[in-house]
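A.B. asks:
There are 2 protein chains.
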Amino acid sequence: MKILVVGASGVIGSAIVNALSGEHQVISASRSSGDVNVDLSNPASIRAMFAQIDQVDAIISAAGEADIKPLEALTDQDYDRASGMQLMDQINLFRYGKDSLAPGGSVTLTSGAASKYNFPGAAAIGMAFAGLERFADAAAQELTDIRLNVVSPTSVTESMEKLGWPTEGSITAADTAKSYLAAVTGTMNGQTLSTAEYA
Amino acid sequence: MKILVVGASGVIGSAIVNALSGEHQVISASRSSGDVNVDLSNPASIRAMFAQIDQVDAIISAAGEADIKPLEALTDQDYDRASGMQLMDQINLFRYGKDSLAPGGSVTLTSGAASKYNFPGAAAIGMAFAGLERFADAAAQELTDIRLNVVSPTSVTESMEKLGWPTEGSITAADTAKSYLAAVTGTMNGQTLSTAEYA
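So the protein lines, in turn, are chains A and B.
Start counting the first sequence at 2; every next residue gets the next number (the working numbering).
Start counting the second sequence at 2; every next residue gets the next number (the working numbering).
1) Output, in chain order, the set of chain A residues within a Cβ distance shorter than 7 Å of B:Val106.
2) Where B:Gln26 and B:Asp77 are concerned, what is the direct C-alpha to C-alpha distance, given to the nearest angstrom?
3) Quick test of the definition: if touching needs 3 or more C-beta pairs under 8 Å, does the region 52 to 62 of chain A touch the region 6 to 14 of chain B?
4) With DSSP collapsed to three states, give me the class of A:Asn38.
5) Quick test of your reading: A:Ser112 and A:Phe130, contact by CB under 8 Å. State the CB separation rounded to the nearest angstrom.
6) Below 8 Å between beta carbons is the criterion; list the residues of the region 130 to 157 of chain B that meet it against any residue of chain C, in chain order.
7) Does any residue of chain B have a CB that is nearer than 8 Å to the CB of A:Met161?
8) Could you name the residues of the same chain whose beta carbon sits closer than 6 Å to that of B:Leu75, not counting the 5 residues immediately before and after it, in chain order?
9) Flag this pair as touching only if the region 183 to 198 of chain B and the region 142 to 155 of chain B have three or more C-beta atom pairs under 8 Å; answer yes or no.
10) To the nearest angstrom, how far is it from the Cα of A:Met161 to the Cα of A:Pro167?
11) Distance cutoff 8 Å, beta carbons only. Does B:Pro167 sit that close to anything in chain A?
12) Enumerate in chain order the residues of its own chain whose CB-to-CB distance from B:Ala114 is below 7 Å, with the five nearest sequence positions on each side excluded.
13) Quick one, are the C-beta atoms of B:Ala178 and B:Ala20 less than 8 Å apart?
14) Looking at the C-beta of B:Ser84, does it have a partner C-beta in chain A at a distance below 8 Å?
15) Is there at least one Cβ from chain A nearer than 8 Å to B:Gly127's Cβ?
16) Show which residues of chain A have a CB atom less than 8 Å away from the CB atom of B:Asn43.
17) Go to B:Gly105, then tell me how far its beta strand (DSSP E) extends in each direction, as first and last residue.
18) Between the Cα of B:Ser171 and those of B:Leu182, B:Gln87, B:Glu159, spot the shortest distance and give me the residue it belongs to.
19) Could you spell out where the beta strand (DSSP E) holding B:Thr158 opens and where it closes?
20) Using C-beta distances below 8 Å, list every residue in its chain close to A:Leu102, excluding the 5 sequence neighbours before and after it, in chain order.
21) By the DSSP assignment, the beta strand (DSSP E) with B:Thr173 in it spans what residues?
22) Please list the terminal residues of the continuous beta strand (DSSP E) segment that includes A:Leu194.
23) Under the rule that 16 or more other beta-carbon atoms within 10 Å means buried, what is A:Thr145, buried or exposed?
24) Listing by chain order, which chain B residues have their CB less than 8 Å from the CB of A:Leu89?
25) How is A:Arg32 classed by DSSP in three states: helix, strand or coil?
26) Measure from the alpha carbon of A:Ser180 to the alpha carbon of each residue in A:Ile28, A:Asp36, A:Ile17, then state which is nearest.
27) So that I know if they touch, is there some Cβ in chain A lying closer than 8 Å to that of B:Ile92?
28) In whole angstroms, what is the alpha-carbon distance linking B:Asp36 and B:Leu5?
29) Thinking C-beta only, is A:Gly106 closer than 8 Å to A:Ala141?
30) Along the chain, where does the alpha helix (DSSP H) containing B:Ser1 start, and where does it finish?
31) Is DSSP giving A:Ala59 helix, strand or coil here?
32) In whole angstroms, what separates the C-alpha of A:Gly132 from that of A:Ala123?
33) Helix or strand or just coil, what does DSSP make of A:Lys3?
34) Against A:Ala123, what residues of chain B qualify as contacts under a CB-to-CB distance less than 7 Å, listed in chain order?
35) Which residues bound the alpha helix (DSSP H) around B:Leu149?
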């Protein structure tokens, strides 16, 4: 398969590229590195990327960072990031990318545990991730020849280590990547895959 | 109680005003009518409204319309409306309004059935409503002296009649208003109230 991985330079993104590279043709995309550059916050940049890469069998987004921040500390800018980077940017990747998918192709986006689990600082990203998961569920009902799913990663070991946080219960980036492979090679549509199930 | 009702001129909003008016002091707010004017898409307008009205015991939003539209027909503008009017505008009403709440006060926002139920045309509004409900759930965990809830109205009889749609299973605006009263007078926090339960 020919697979576009957006956010390919990140912790999860690079693990996905590694996992796919043996068997599949990977096109890596990032803001400033990889095979193609893209700024997901700019629809024109998304369109320009798809104009470059021609048809693909799968599109994976491992883009977006989770900003965990107390409710009282959240600024207008934080909400813009959440509703933009973590929600609409990924929806726009799907919207502008789906016509570049080969029949039977798939789009896989990334949410996070804040979509379902309460912890301090989860309000803005929880809003964004729940919105993304619900979009995939509802939109999938109207798709005929392509599939749309979301992967919700549990905490990633390498990211926890970088932050100096406890790694208990975390899943390595390599194991996290298995959920994306499952979404790409499987038949599910409109699902949110928990990485704990596929690790 | 002194209660601010935003979107007071709408089908649900005017029913809420009617239901509250006997016992409570209602401040009605709309874009162009009511006691105060507000444009929820403009944070400066929200702030100006709260500067006018001093302290209140409850803030209710019955604002926002649900745009049901097939996935293929959804435009950039439709997504802007969904992520704006139906999601961030109401979150901003909470954010800028909560400091105007008396201790023990509450904010009650409005979502819709698309947050949970799949039907054709639900993708954009489902995204917005699910995001709103999740925000309330997560944010509520961090609130100490105020409460935040969401009412998810089932189809409203008067709105169905206007559209010429079947009214079977719908709930009158007057019965829909009961959920808002329950949210304002109750003790729940972070909940999404289905109007079917309170009608």
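The beta carbon of each residue, even a glycine, is placed where N, CA and C say it ideally should be.
None of these values were measured; they are calculated from a predicted model.
C.D. replies: In terms of the structure at hand:
1) The amino acid at residue 106 of chain B is misidentified as Val; the sequence shows Gly. Residues of chain A passing the Cβ test: none, with the nearest at roughly 16 Å.
2) 40 Å
3) no
4) strand
5) 4 Å
6) Looking for chain C here will not work: the only protein chains present are A and B.
7) no
8) Ala125
9) yes
10) 7 Å
11) no
12) Ser153, Thr155
13) yes
14) yes
15) yes
16) Those within 8 Å of B:Asn43 in chain A number zero; the least Cβ separation is about 12 Å.
17) 102 to 111
18) B:Glu159
19) B:Thr158 -> not in any beta strand (DSSP E); alpha helix (DSSP H) instead, spanning 158 to 164.
20) Gln56, Val57, Asp58, Ala59, Ile60, Val108, Ile147
21) B:Thr173 -> no beta strand (DSSP E), and no H or E assigned at all.
22) 193 to 195
23) exposed
24) For clarity, residue 89 of chain A is Met in the given sequence; the question names Leu instead. Near A:Met89 (Cβ distances below 8 Å), the residues of chain B are Tyr80, Ser84.
25) coil
26) A:Ile17
27) yes
28) 10 Å
29) no
30) Since the displayed chain B opens at 2 and closes at 200, residue 1 of chain B lies outside it and no answer follows.
31) strand
32) 13 Å
33) strand
34) Ala139
35) First-last for B:Leu149: 148 to 153, but that is the beta strand (DSSP E), not the alpha helix (DSSP H).
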